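Note sheet for the following structure.
2 protein chains.
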Amino acid sequence: MKHHLLPVSPTNVHWGYFSKKVAPALTLKSGDRATIETLTHHANDDYERMIANDPGAESVFHWTREHKAVVRRGAGPTEGPFLRGSGEGVGVHLLTGPVAIENAEPGDILEVRILDVRPRPSCNACHAGRCFGSNAAASWGFHYHDLIEEPKPREVITIFELDTSGEPFARAVYNYVWTPQTDPDGIVHPTIDYPGVRVDHSLVRKRENILPNVKVPARLHFGTMGLAPAESDFVSSIPPGYTGGNIDDWRIGKGARMYYPVAVSGGFFSVGDPHAAQGDSELGGTAIETSLTGDFEFILNHSSLDKAMRDAFRKLRRFLMTVHHLSEDEAIALMSVAADFGVTQVVDANWGVHGSIRKNVFMCT
Amino acid sequence: MKHHLLPVSPTNVHWGYFSKKVAPALTLKSGDRATIETLTHHANDDYERMIANDPGAESVFHWTREHKAVVRRGAGPTEGPFLRGSGEGVGVHLLTGPVAIENAEPGDILEVRILDVRPRPSCNACHAGRCFGSNAAASWGFHYHDLIEEPKPREVITIFELDTSGEPFARAVYNYVWTPQTDPDGIVHPTIDYPGVRVDHSLVRKRENILPNVKVPARLHFGTMGLAPAESDFVSSIPPGYTGGNIDDWRIGKGARMYYPVAVSGGFFSVGDPHAAQGDSELGGTAIETSLTGDFEFILNHSSLDKAMRDAFRKLRRFLMTVHHLSEDEAIALMSVAADFGVTQVVDANWGVHGSIRKNVFMCT
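Residue numbers (the working numbering), protein chains in the order written: chain A, 25 to 389; chain B, 25 to 389.
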């Protein structure tokens with residue numbers, strides 16, 4: 025067993041999509057462990073608290089007119105002219121990886137155990153050691169076309185601070201209504217329509233003392249985690265799918281074990297969309313989006329019900345032909361119409377299928 | 025409530041596919057009942073026992089060089105030259121219907137209750153009143169490339185008789201190895217590759233006294249039942265899908281209630297592939313395929329979690345804004361990160377979603 029480290033950097037992340045085409049950032053063997061850093065794609069809602077002086081975060085979010093460290097953001101087109109930017113924000117999550125698992129092949133199951141999850145403290149001297157996150161009540165939220173107060177509609181960012189001194193919880197620091205933001209390439213973003221656009225705080229009005237007596241229980245977890253699908257080269261990170269992805273279940277935190285079907289050679293595991301807390305439904309569009317680091321263990325399972333079914337078929341045929349003296353054709357007809365094959369278990373590493381036939385089909389002779 | 029009757033006839037069946045394009049054989053309202061006849065597509069394995077002198081079965085299976093009562097069999101091409109025949113046997117099940125349900129629209133759920141299932145007795149004077157079925161150990165069976173005895177490979181038909189005088193059961197009558205059969209259009213079928221080809225019993229060798237002391241418990245059920253998918257005009261009846269179809273679970277018999285998502289206006293329910301008995305796995309490729317008649321009740325549910333979720337969101341927002349004096353933006357941020365929305369029930373006709381938030385998020389002030 026080897027323990028790997030995968031820090032965030034422009035070459036160790038991909039933004040907004042799962043892909044079988046991205047070169048692995050790390051390759052490991054079944055049984056290995058890895059400490060993997062992840063960044064929230066909402067960090068630029070408060071650059072000072074969540075990016076400034078953090079070398080890893082700064083390297084990934086770096087975007088000036090001259091240089092954009094991670095150009096493609098989303099599964100959309102990468103040749104302009106752009107409406108929103110390269111990749112067009114068709115998928116938004118910053119994902120670390122992919123991690124290739126040696127010998128993983130389509131049909132295998134990759135078990136991913138989350139051993140630990142830790143928040144990523146601010147590196148800015150003003151906030152050093154403290155942890156922050158952002159909640160966006162966004163245009164894709166369930167509430168957006170169903171608002172009561174004016175102005176309608178509106179997007180609202182709420183910055184939270186995470187307290188991990190005891191049982192971890194979060195408190196709101198301030199909020200602001202989103203205003204049009206112009207990115208370094210000159211594209212104006214009237215709504216939150218492209219990830220990683222830095223919010224100019226001179227253009228928003230902060231409201232302090234919000235949710236003043238509310239403690240939100242922390243539920244550190246990864247909103248998006250999974251393997252590369254086989255069907256397409258670039259797959260938006262937004263809809264969850266059969267290889268996992270943006271499941272957004274707060275139970276996918278420390279202690280969780282996820283089982284993903286391997287769709288491409290190597291599996292190509294990626295993780296991101298880190299959350300400090302989320303309720304079931306993620307109603308407003310996001311969780312408390314905060315950068316997290318996790319310790320993971322990877323176990324490759326080659327088990328398959330296919331071989332177990334083949335084995336059970338042959339054994340029941342032998343039983344019927346030897347004990348009950350049936351011909352092969354009699355045995356097969358009887359198995360098809362009267363024997364029940366069931367799944368014994370799919371949790372004990374060596375999966376099982378059992379074939380059964382009731383004794384009372386054989387009349388006394 | 026009205027009780028309808030849908031007998032088999034060339035215009036009341038379609039063969040080998042689900043389709044939103046087939047004109048409804050019957051239109052009914054939610055709450056109505058219908059007695060629906062179904063025919064096994066394997067009846068021609070023993071024409072004398074399962075078709076002869078049965079006006080409904082004869083009308084559907086009628087196929088001479090001059091006239092083929094049901095031309096299309098399968099979702100494949102209907103213009104030749106054919107390898108196997110019109111529709112090419114891409115889908116094989118004789119289905120009765122479609123039954124259109126008034127006001128059924130995509131997003132609704134159609135509940136189908138199976139009130140009763142009865143076998144269809146032979147009309148042939150030699151076998152009058154007795155019920156028969158056919159089991160094919162076929163080329164698509166799990167055993168086919170894994171046989172022990174010679175000749176390999178082979179397909180085997182076993183004819184069963186169903187005894188319903190007491191607790192119903194089936195006994196084998198005879199079996200034979202499939203030999204090449206020539207259909208009325210001159211196409212030779214070396215294997216069972218097209219449905220409804222009449223087996224010339226002068227070309228097969230019957231073996232009597234098989235499975236002599238075996239009673240197979242009857243499990244009358246419909247192997248294939250469901251609604252028309254939206255995605256395509258003609259969908260093979262073989263793979264089960266999200267609107268039901270060829271599920272082949274022997275539990276779908278008397279007393280079962282199935283819930284199908286409506287994909288096209290009217291729903292377009294069809295049923296067939298009747299089985300006298302099947303084991304879990306349907307190992308050899310088929311069940312005891314036998315014609316059955318069922319009594320069905322149709323209940324259209326417009327319930328949706330969507331509206332329940334909308335309702336729960338508004339109520340929890342009101343609670344937070346009135347009882348806890350939060351602004352709308354505070355309430356929405358808090359709901360997104362700390363409130364859990366769950367499915368209350370999806371079984372009591374009026375489906376429910378509940379939103380909950382822990383009291384201890386509100387600290388004493």
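We put the beta carbon where it would ideally sit given N, CA and C, even for glycine.
In this text, all values refer to a predicted model and were calculated from it rather than measured experimentally.
Item to complete: Can you say whether residue 190 of chain B is buried or exposed, counting buried as having 16 or more other CB atoms within 10 angstroms of its CB?
Response: Taking the first residue of the second sequence as 1, we reach residue 190 of chain B at position 166. Counting Cβ neighbours within 10 Å, residue 190 of chain B comes out exposed, since fewer than 16 surround it.
Fill in: Given 8 Å, three or more beta-carbon pairs between the stretch 28–40 of chain B and the stretch 102–121 of chain B
Contact between the stretch 28–40 of chain B and the stretch 102–121 of chain B is present, with at least three C-beta pairs closer than 8 Å.
Discussion item. Checking the sheet assignment: what are the DSSP bridge partners for residue 248 of chain B?
Written reply: The residue you call residue 248 of chain B lines up with position 224 of the second sequence. Residue pairing by DSSP places residue 248 of chain B opposite B/296 in a beta bridge.
Worksheet item: Exposed or buried, residue 89 of chain B, counting other C-beta atoms within 10 Å across all chains shown (16 or more means buried)?
Response: As a position in the second sequence, residue 89 of chain B is number 65, starting the count at 1. Counting the other Cβ atoms within 10 Å of the Cβ of residue 89 of chain B gives fewer than 16, which makes it exposed.
Item to complete: Measure the Cβ-Cβ separation of residue 58 of chain A and residue 28 of chain A and say whether it is below 8 Å.
Response: In the first sequence, the residue the question calls residue 58 of chain A occupies position 34. In the first sequence, the residue the question calls residue 28 of chain A occupies position 4. Yes, the pair counts as a contact, with Cβ atoms nearer than the cut-off.
Worksheet item: According to the Cβ coordinates, are residue 62 of chain A and residue 157 of chain A closer than 8 Å?
Response: The sequence position of residue 62 of chain A within the first sequence is 38, counting from 1. The sequence position of residue 157 of chain A within the first sequence is 133, counting from 1. Taking 8 Å as the Cβ cut-off, residue 62 of chain A and residue 157 of chain A do not qualify as a contacting pair.
Worksheet item: Under 8 Å, do residue 247 of chain B and residue 360 of chain A count as touching if we go by C-beta distance?
Response: Residue mapping note: residue 247 of chain B aligns to position 223 of the second sequence, counting from 1. Residue mapping note: residue 360 of chain A aligns to position 336 of the first sequence, counting from 1. In this structure, residue 360 of chain A does not lie closer than 8 Å to residue 247 of chain B by Cβ.
Discussion item. If you measure between the beta carbons of residue 221 of chain A and residue 205 of chain A, is that distance less than 8 Å?
Written reply: What you label residue 221 of chain A is simply residue 197 of the first sequence in a count that begins at 1. What you label residue 205 of chain A is simply residue 181 of the first sequence in a count that begins at 1. With a cutoff of 8 Å on beta-carbon distance, residue 221 of chain A and residue 205 of chain A are scored as near each other.
Discussion item. Assuming contact is defined by CB atoms lying nearer than 8 Å, are residue 307 of chain A and residue 356 of chain B in contact in what I supplied?
Written reply: For the purposes of this step, residue 307 of chain A is taken as residue 283 along the first sequence, with counting starting at 1. For the purposes of this step, residue 356 of chain B is taken as residue 332 along the second sequence, with counting starting at 1. Yes, Cβ-Cβ distance for residue 307 of chain A and residue 356 of chain B is below 8 Å.
Worksheet entry | Meets three-Cβ-pair contact criterion under 8 Å: the stretch 283–293 of chain B and the stretch 138–148 of chain B | no
Fill in: Minimum length 4: unbroken alpha helix (DSSP H) runs contained in the stretch 257–324 of chain A
none
Item to complete: State buried or exposed for residue 67 of chain A, treating a residue as buried only when at least 16 other CB atoms are found within 10 Å of its CB.
Response: As a position in the first sequence, residue 67 of chain A is number 43, starting the count at 1. Taking a 10 Å sphere around the C-beta of residue 67 of chain A, we find 16 or more other C-beta atoms and assign the residue as buried.
Practice prompt. Check the Cβ of residue 241 of chain A against every Cβ in chain B and list those closer than 9 Å, keeping chain order.
Written response: One-based indexing of the first sequence puts residue 241 of chain A at position 217. The contacting residues are 362, 382, 384, 385.
Worksheet item: Which bits of chain B does residue 305 of chain A rub up against, with CB to CB less than 7 Å?
Response: In the first sequence, the residue the question calls residue 305 of chain A occupies position 281. Neighbours of residue 305 of chain A on chain B, chain order: 365.
Fill in: Beta-bridge partners of residue 378 of chain B, as assigned by DSSP
In the second sequence, counting from the first residue as 1, residue 378 of chain B sits at position 354. Residue pairing from DSSP places residue 378 of chain B in a beta bridge opposite B/366.
Practice prompt. Starting from the Cα of residue 353 of chain B, find the closest Cα among A/241, A/378, A/264, A/159 and give me that residue.
Written response: Counted from its first residue, the second sequence places residue 353 of chain B at position 329. Of the listed residues, the one whose Cα sits closest to residue 353 of chain B is A/159.
Discussion item. Can you tell me whether residue 219 of chain A is buried or exposed? The criterion is at least 16 other CB atoms within 10 Å of its CB, across all chains shown.
Written reply: Here the question's residue 219 of chain A lines up with position 195 in the first sequence. With 16 or more Cβ atoms within 10 Å of its Cβ, residue 219 of chain A is classed as buried.
Worksheet item: Can you tell me whether residue 287 of chain B is buried or exposed, with buried defined as 16 or more other CB within 10 angstroms of its CB?
Response: Counting from one through the second sequence, the residue named residue 287 of chain B turns up at place 263. So residue 287 of chain B counts as buried.
Worksheet item: What are the residues of the stretch 116–133 of chain B that lie near chain A, defined by any Cβ-Cβ distance shorter than 9 Å?
Response: none
Worksheet item: What did DSSP end up calling residue 159 of chain A once you bin it into helix, strand or coil?
Response: By one-based count along the first sequence, residue 159 of chain A stands at place 135. Residue 159 of chain A falls in the strand class under three-state DSSP.
Practice prompt. Given a cut-off of 8 Å, decide if residue 284 of chain A and residue 250 of chain A are closer than it, judged by their beta-carbon atoms.
Written response: Position 226 of the first sequence, counting from 1, holds the residue named residue 250 of chain A. Position 260 of the first sequence, counting from 1, holds the residue named residue 284 of chain A. In this structure, residue 250 of chain A sits near residue 284 of chain A, with a CB-CB distance shorter than 8 Å.
Practice prompt. Put residue 218 of chain B into one of helix, strand or coil per three-state DSSP.
Written response: As a position in the second sequence, residue 218 of chain B is number 194, starting the count at 1. In the structure shown, residue 218 of chain B sits in coil (DSSP, three-state: anything other than H, G, I, E or B).
Discussion item. At 3 residues or longer, what runs of the beta strand (DSSP E) sit wholly inside the stretch 59–146 of chain B?
Written reply: Those beta strand (DSSP E) runs which fall completely within the stretch 59–146 of chain B and span 3+ residues are 118–125, 133–143.
Practice prompt. Quick one: grab the DSSP three-state call for residue 433 of chain B.
Written response: Nothing about residue 433 of chain B can be read from this structure; chain B reaches only from 25 to 389.
Discussion item. Any beta carbon of chain B sitting closer than 8 Å to that of residue 74 of chain A?
Written reply: Here the question's residue 74 of chain A lines up with position 50 in the first sequence. It does not; no Cβ of chain B falls within 8 Å.
Discussion item. Using CA atoms only, rank isn't needed, just tell me which of A/237, A/378, A/345, A/245 is closest to residue 318 of chain A.
Written reply: If you number the first sequence from 1, residue 318 of chain A lands on position 294. Checked all of A/237, A/378, A/345, A/245; the closest Cα to residue 318 of chain A is A/245.
Fill in: Per-residue DSSP class, three states only, for residue 199 of chain B
Numbered from its first residue, the second sequence carries residue 199 of chain B at position 175. Here residue 199 of chain B sits in strand by DSSP.
Practice prompt. Give the straight-line distance between the Cα atoms of residue 279 of chain B and residue 126 of chain B, rounded to the nearest whole angstrom.
Written response: Numbered from 1 along the second sequence, position 255 holds the residue referred to as residue 279 of chain B. Numbered from 1 along the second sequence, position 102 holds the residue referred to as residue 126 of chain B. Answer to the nearest angstrom: the Cα atoms are 24 Å apart.
Discussion item. So the candidates are A/351, A/376, A/347, A/363; which of them puts its Cα closest to the Cα of residue 335 of chain A?
Written reply: As a first step, residue 335 of chain A is located in the first sequence; it is residue number 311 there, counting from the start. Of the listed residues, the one whose Cα sits closest to residue 335 of chain A is A/376.
Item to complete: Could you tell me how far apart the beta carbons of residue 43 of chain B and residue 320 of chain B are, in whole angstroms, since I believe they sit closer than 8 Å?
Response: One-based indexing of the second sequence puts residue 43 of chain B at position 19. One-based indexing of the second sequence puts residue 320 of chain B at position 296. No, residue 43 of chain B and residue 320 of chain B are not in contact; Cβ-Cβ is about 20 Å, not under 8 Å.
Worksheet item: Given that a residue counts as buried once 16 or more other Cβ atoms are within 10 Å of its Cβ, and exposed if not, what is residue 110 of chain A?
Response: As a position in the first sequence, residue 110 of chain A is number 86, starting the count at 1. That one is buried.
Discussion item. At a cut-off of 7 Å, would you count residue 272 of chain A as near the ligand FAD, judging by its Cβ distance to the nearest heavy atom?
Written reply: The ligand FAD is not part of the structure shown, which contains no ligands of any sort.
Worksheet item: Going along the stretch 306–322 of chain B in order, which residues come within less than 8 Å of chain A, judged by CB to CB distance?
Response: The residues in question are 306, 307, 308, 309, 310, 311, 312.
Discussion item. Helix, strand or coil for residue 232 of chain B? Go by DSSP, reduced to three states.
Written reply: Walking along the second sequence from the start, residue 232 of chain B turns up at place 208. It is a strand residue.
Worksheet entry | Per-residue contacts from residue 302 of chain A into chain B (C-beta, under 8 Å) | Counted from its first residue, the first sequence places residue 302 of chain A at position 278. Here the neighbours are 360, 361.
Discussion item. In this structure, how does DSSP classify residue 213 of chain B when only helix, strand and coil are distinguished?
Written reply: Along the second sequence, one-based indexing puts residue 213 of chain B at 189. Residue 213 of chain B: strand per DSSP, three-state reduction.
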